[in-house]
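Encoded as C-alpha cells, the structure appears first; notes follow it.
Numbering (the numbering used here), first residue to last: 880 to 1067.
Shown next as C-alpha cells:
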C-alpha cells in the first residue's frame, strides 16, 4: 500500500521535531496527557490500526515481551489506536498487555503526528465485506486510520526516533528501540 498520494511521507513527524502534546483516554477512560508521560523519562509511542489487525496484535505482543526491559531503562510504553476505550480494553485483554493502551477516537494524536489517512474506497469495500466496520470500532463514523508508526520522545518532548511504516506488515523492532533508549541514557 502506498501513501504518497496522501502526503503522509511528507507530513509525518520525524526525529528532531517536537512531539504534539495531546490528552487521550486509556482503556478505562482515564485521561492521560502525553507530556505527563514523557516528563517521567523516555516515552515509546506505538501507533497501531486496531485490535482487528493481525499485524498489530503481533506487534503489541512483541512490545509486551520487552516491556520489562523498557521499564528497567526508565521508559514508558504506550500504544495508541483510534479504537474506542472499550475496544482498546478488549485488545489489551486479548493480547495480555500490561502497558497502557490509549484511545484516539477523534484522531488528535494521529493527526498531530501526521499519520492519519482516509482509506481508499477499495479498502473500505474489503473491510466491509469481512465484517470489519472501522467507523463503528473507532466510534467516530470515519474510515480513517493511522499509518503504523513508532516514536521515542525524550523528557523535553523531542522526538529522538521515528519509524513511520507505510507497509502495514513492517514495524519497528523493539530491540532497535531499546538500543535507542540505551544510547539516550549513555548520552544524558
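Idealized CB from N, CA, C, for every residue including glycine. Values in this document were obtained by computation on a predicted structure and should not be read as measured data.
Whole-angstrom distance between residue j and residue i, CA atom to CA atom
i, j, result
"residue 1035", "residue 1061", "17 angstroms"
"residue 1066", "residue 1039", "12 angstroms"
"residue 956", "residue 917", "10 angstroms"
"residue 880", "residue 1063", "Note that residue 880 scores a pLDDT of 41, beneath 50, so its modelled location is shaky and nothing firm can be said."
"residue 919", "residue 906", "21 angstroms"
"residue 1037", "residue 954", "14 angstroms"
"residue 882", "residue 1046", "Interpretation of residue 882 is limited by its pLDDT of 46, a score under 50 that renders its predicted location unreliable; no figure is taken from the coordinates."
"residue 1016", "residue 959", "14 angstroms"
"residue 1019", "residue 985", "7 angstroms"
"residue 1002", "residue 1052", "27 angstroms"
"residue 969", "residue 1028", "21 angstroms"
"residue 971", "residue 1054", "21 angstroms"
"residue 987", "residue 886", "17 angstroms"
"residue 884", "residue 1000", "Confidence at residue 884 is low in this model, with a pLDDT of 49, below 50, so the placement of that residue should be treated as unreliable; the coordinate-derived value is given next. Cα to Cα, the separation comes out at about 14 angstroms."
"residue 908", "residue 915", "16 angstroms"
Distance CB(residue i)-CB(residue j) smaller than 8 angstroms
i, j, result
"residue 989", "residue 1014", "no"
"residue 977", "residue 941", "no"
"residue 901", "residue 991", "yes"
"residue 898", "residue 1005", "no"
"residue 1032", "residue 922", "yes"
"residue 1043", "residue 891", "yes"
"residue 943", "residue 1050", "no"
Close beta carbons around residue i, own chain, < 6 angstroms, minus the five adjacent residues each side
i, result
"residue 904", "910, 964 and 982"
Among the options, nearest to residue i - alpha-carbon criterion
i, options, result
"residue 1026", "978, 996, 951 and 975", "996"
"residue 935", "967, 952 and 1020", "967"
"residue 928", "915, 1023, 891 and 951", "1023"
"residue 912", "937, 979 and 973", "979"
"residue 975", "984, 1001 and 930", "930"
"residue 888", "993, 972 and 1011", "993"
"residue 932", "1041, 1053, 1011 and 1001", "1011"
"residue 896", "915, 1055, 1041 and 1059", "1041"
Chain-order list of residues whose beta-carbon lies under 7 angstroms from that of residue i (same chain, five-residue window excluded)
i, result
"residue 1048", "934"
Bridge-paired residues (DSSP) for residue i
i, result
"residue 1037", "897"
"residue 911", "903"
"residue 922", "955 and 1032"
"residue 996", "1024"
"residue 1056", "Looking at the DSSP assignment, residue 1056 forms no beta bridge with any residue, so it has no partner."
"residue 1043", "1028"
Cβ shell of residue i (< 8 angstroms), same chain only, five flanking positions each side left out
i, result
"residue 998", "1006, 1013, 1022, 1023 and 1024"
"residue 1057", "945, 948, 949 and 952"
"residue 1059", "1031, 1039 and 1040"
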